[in-house]
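One structure below.
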Amino acid sequence: MTPKTPAPCMVVIFGATGDLAKRKLLPALYNLANRQRLPEEFTVVGAGREPITHDAYREKVRRDLAEFGPPVADPALAAWFHARVFSAFETPDDLETYASLARRLNPSDAGSAAANVVFYLAVPPSAVADIVGRLGDLGLLEEHEGAWRRVIVEKPFGYDLASARALNQRLLAHLAERQIYRIDHYLGKETVQNLMAFRFANGIFEPVWNRRYIDHVQITVAETVGVEDRGGYYDRAGALRDMVQNHLFQLLALTAMEPPNSFQADAVRDERVKVLNAIHLCTPEEVMMSVVRGQYAAGDGLPGYRQERDVARDSTTETFIALKLLVENWRWADVPFYLRTGKRLPARVSEVSVQFRGAPLRLFRGQAVGDVEPNVLVMRIQPDEGIALRLQAKVPGEQFRLGAVDMDFDYADYFESRPNTGYETLLHDCLMGDQTLFHRADMVEAGWTVVAPILDILQAAPSALLHPYPAHAWGPAAADRLLANDGRQWRTVAHHSSRGRHDRSASQGV
Ligand code: BG6
-15 MTPKTPAPCM
-5 VVIFGATGDL
5 AKRKLLPALY
15 NLANRQRLPE
25 EFTVVGAGRE
35 PITHDAYREK
45 VRRDLAEFGP
55 PVADPALAAW
65 FHARVFSAFE
75 TPDDLETYAS
85 LARRLNPSDA
95 GSAAANVVFY
105 LAVPPSAVAD
115 IVGRLGDLGL
125 LEEHEGAWRR
135 VIVEKPFGYD
145 LASARALNQR
155 LLAHLAERQI
165 YRIDHYLGKE
175 TVQNLMAFRF
185 ANGIFEPVWN
195 RRYIDHVQIT
205 VAETVGVEDR
215 GGYYDRAGAL
225 RDMVQNHLFQ
235 LLALTAMEPP
245 NSFQADAVRD
255 ERVKVLNAIH
265 LCTPEEVMMS
275 VVRGQYAAGD
285 GLPGYRQERD
295 VARDSTTETF
305 IALKLLVENW
315 RWADVPFYLR
325 TGKRLPARVS
335 EVSVQFRGAP
345 LRLFRGQAVG
355 DVEPNVLVMR
365 IQPDEGIALR
375 LQAKVPGEQF
385 RLGAVDMDFD
395 YADYFESRPN
405 TGYETLLHDC
415 LMGDQTLFHR
425 ADMVEAGWTV
435 VAPILDILQA
445 APSALLHPYP
455 AHAWGPAAAD
465 RLLANDGRQW
475 RTVAHHSSRG
485 RHDRSASQGV
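Throughout the sequence shown, residue numbering follows our numbering, covering -15 to 494 in sequence.
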């Protein structure tokens, strides 16, 4: 067991007045303070572009927390937290900002908050390498006498394989890999981590977790919102870069990985990266057969993607993507993994569903019992976190009929919920020096390698594979054909509620 409270330390947030800092990072730090997960000697230092005094910054943090943080239950704790907030950017002079930061961080001050430092780069990707370069040149990334210096880098990590490699190289010129924490907020979600608990703490699933028993896997990450105010960023990214290369690939890796030898960070990350390295790299012809892109049209009183702010009127960026991948290893050969994600879809749902093969002998064939649905194990990541196993049961009555029923575990029924932004675990892990839930350089590059054949096609023909879809539909019809061509269909993802449990619409014979 690792100790629960980190050593004295300082968190320096670059982009301190930005959206991420106010909506997620500061509330997450505050929640950690509330759970006694921060050391007594702790400081938050904001750094950014616009000059702001300590007092003004502290006041801003107070306002942001009032808006985005949990309700203040303990005024003494709130006072403790606010007294630890400082600004490193009191002047408009960029050099002076770094100089003031350097004065704050005294490497010889071993055992003080200023010796152990996390630099959180909540800044646009183009600024990351420069900030790390400057910190490195000033010697602020050097670790002295057991003290540590760590850097958290937000996604997107690169734009393609070449830029991700270049960024890795620039960071590694100033930092060791063990100092770099490439964050993926999906890995901070409890239910994503639960994929590992579920697989490796329950011996009954492992024997059937392979190609002999599993027909295919579906991973869905659906959002109801459009691009909102992020058109400028999103129009250059699209769903493939924004969601698939990172979040969905991590869900796939956790579902498909081999059991690690231990829960040490690199043992777990080695297994995750092996899965990504085993994904079949599509030829251009295969890309055309196994990828569908979509873009939401206007509807339901909402603008279409091309009408959104900061989006090109003739944009060919996808807001939906569905793809079929094959993991070419002993366990998964020939088991398709179907991934789909998109914006302006009918529900906000993230889930991994594992569809098992049918019973070996179709005993009920011709018996007028209704179709025999195969078993499906659904791991719901959000909302309504939980796990359900779909089984076949006899419908009561004189006639022998089958109906689908769910054996259902709902997180909310067993565990108390508490204020959570999704960043608490990741920030705490970083303060503790645990890199398990962060991307390693090779993982990022493996992810980009898999999507490279798709990006190549799009570079040559930007509108390739793109279909419009109506607002609040499950993407374009071509996404259904992707599975229909294999004799399969997307699972009907219904909004699940722990109270009105069973989704009878999807059952038969009931
Ligand atoms: C982000 C993407 O990484 O994840 C966004 O950039 C997306 O486009 C978001 O909306 C989804 O996260 P969550 O936690 O709401 O599923």
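Just so it is clear, CB atoms sit at the ideal spot from N, CA and C, and this is done for glycine as well.
In this text, all values refer to a predicted model and were calculated from it rather than measured experimentally.
Within the same chain, show all residues whose beta-carbon is closer than 6 Å to that of residue 493, passing over the 5 residues directly before and after it, in chain order. Unreliable positioning characterises residue 493 in this predicted model, as indicated by a pLDDT of 33, which lies under 50. A coordinate reading is not provided.
Beta-ladder partner(s) of residue 205, from DSSP: Partner(s): 325 and 334.
Going straight from the alpha carbon of residue -10 to that of residue 223, what length do you get? Those two C-alpha atoms are separated by around 36 Å.
Between the stretch 145 to 157 and the stretch 428 to 439, are three or more C-beta pairs nearer than 8 Å? The stretch 145 to 157 makes contact with the stretch 428 to 439; the number of CB pairs closer than 8 Å reaches 3 or more.
Using DSSP with H/G/I as helix, E/B as strand and the rest coil, what is residue 27? DSSP places residue 27 within a strand segment (E or B) once states are collapsed to three.
What do you reckon, is the C-beta of residue 366 under 7 Å from a heavy atom of the ligand BG6? At a threshold of 7 Å, residue 366 counts as near the ligand BG6, since its beta carbon sits closer than that to one of the ligand's heavy atoms.
So is residue 100 in contact with chain C if we call contact Cβ pairs under 8 Å? No chain C is present in this structure, which holds just one protein chain.
For the ligand BG6, any of its heavy atoms closer than 7 Å to the Cβ of residue 207? Inclusion of residue 207 in the 7 Å shell around the ligand BG6 follows from its C-beta lying nearer than that to a non-hydrogen atom of the ligand.
Measuring alpha carbon to alpha carbon, tell me which of 369, 86, 404 and 403 ends up nearest residue 393. 369 is the residue among 369, 86, 404 and 403 whose C-alpha sits nearest the C-alpha of residue 393.
If you follow the beta strand (DSSP E) that residue 67 is part of, which residue opens it and which one closes it? That residue, residue 67, is in no beta strand (DSSP E); it is neither H nor E in DSSP.
Spatial neighbours of residue 481 within its chain, please: CB distance less than 6 Å, with the 5 preceding and 5 following residues excluded, ordered by chain position. Because the pLDDT of residue 481 is 47, which lies under 50, any placement of that residue in the model is unreliable, and the number read from its coordinates should be weighed accordingly. Spatial neighbours of residue 481 in its own chain (CB-CB distance under 6 Å, excluding positions within 5 residues in sequence) are not present.
For the stretch 252 to 321, list the beta strand (DSSP E) runs that are entirely contained and at least 3 residues long, ordered along the chain. Counting only runs of 3 or more, we get 275 to 280 and 304 to 310.
Any non-hydrogen atom of the ligand BG6 within 7 Å of residue 147 CB: Placement of the Cβ of residue 147 at a distance of 7 Å or more from every heavy atom of the ligand BG6 is found.
Is the beta carbon of residue 347 closer than 8 Å to that of residue 359? Not closer than 8 Å, so no.
Is DSSP giving residue 341 helix, strand or coil here? If DSSP states are grouped into helix, strand and coil, residue 341 belongs with coil.
Spatial distance of residue 467 from residue 339 (CA atoms): Each residue's Cα considered, the two are about 13 Å apart.
Residues bridged to residue 56 by DSSP? Bridge partners of residue 56 according to DSSP: none are assigned.
Residue 490 (DSSP reduced to helix, strand or coil): With a pLDDT of 36 at residue 490, under the threshold of 50, the modelled position of that residue is not reliable, and the figure given next carries that caveat. In this structure, residue 490 counts as helix in the three-state DSSP scheme.
Applying the 10 Å Cβ sphere with the 16-neighbour rule, what's the burial state of residue 495? Since the first residue shown for the chain is -15 and the last is 494, residue 495 is missing from the structure and cannot be characterised.
Within 7 Å: the Cβ of residue 227 and any heavy atom of the ligand BG6? Yes, Cβ of residue 227 sits closer than 7 Å to a heavy atom of the ligand BG6.
Between the beta-carbon of residue 137 and the beta-carbon of residue 162, is there less than 8 Å? Contact flag unset, no.
Got a sec: does the ligand BG6 put a non-hydrogen atom nearer than 7 Å to the Cβ of residue 169? Yes, the Cβ of residue 169 comes within 7 Å of a heavy atom of the ligand BG6.
Measuring CB to CB, does residue 195 end up less than 8 Å from residue 318? Yes; because the gap between Cβ atoms is below 8 Å, this pair is in contact.
CB of residue 434 within 8 Å of CB of residue 260, strictly: The answer is yes: Cβ separation under 8 Å.
Less than 8 Å between the C-beta atoms of residue 280 and residue 306, yes or no? No, the pair does not count as a contact, with Cβ atoms beyond the cut-off.
Compare the Cα-Cα distances from residue 169 to each of 411, 268, 79 and 33 and report the closest residue. Nearest option by C-alpha distance: 411.
So the candidates are 14, 54 and 108; which of them puts its Cα closest to the Cα of residue 33? Considering only alpha carbons, the answer is 108.
Would you please state the rounded distance, in angstroms, between the beta carbons of residue 85 and residue 72? I believe it to be under 8 Å. About 5 Å; that satisfies the 8 Å criterion.
Hey, could you find the ends of the beta strand (DSSP E) residue 363 is sitting in? Counted as a single uninterrupted DSSP element, the beta strand (DSSP E) harbouring residue 363 occupies residues 360 to 366.
Does at least one heavy atom of the ligand BG6 sit under 7 Å from the Cβ of residue 406? It does: the Cβ of residue 406 is within 7 Å (strictly closer) of some heavy atom of the ligand BG6.
Presumed contact (8 Å Cβ cut-off) between residue 68 and residue 113, rounded CB distance: Contact flag wrong, Cβ pair sits at about 29 Å.
Cβ atoms of residue 116 and residue 158: under 8 Å apart, would you say? Result yes, Cβ atoms of residue 158 and residue 116 sit closer than 8 Å.
Taking only three categories from DSSP, how would you classify residue 8? Residue 8 falls in the helix class under three-state DSSP.
Taking buried to mean at least 16 other C-beta atoms within 10 Å of its own C-beta, is residue 178 buried or exposed? Counting C-beta atoms within 10 angstroms of its own C-beta, residue 178 has 16 or more neighbours from the protein chains shown and is therefore classed as buried.
Assumed close pair residue 89, residue 124 - CB separation to whole angstroms, cut-off 8 Å: Taking 8 Å as the upper bound for CB-CB distance, residue 89 and residue 124 are in contact here, some 6 Å apart.
Proximity winner among 382, 299, 390 and 232, relative to residue 376 (alpha-carbon distances): Minimum Cα distance to residue 376 is reached at 390.
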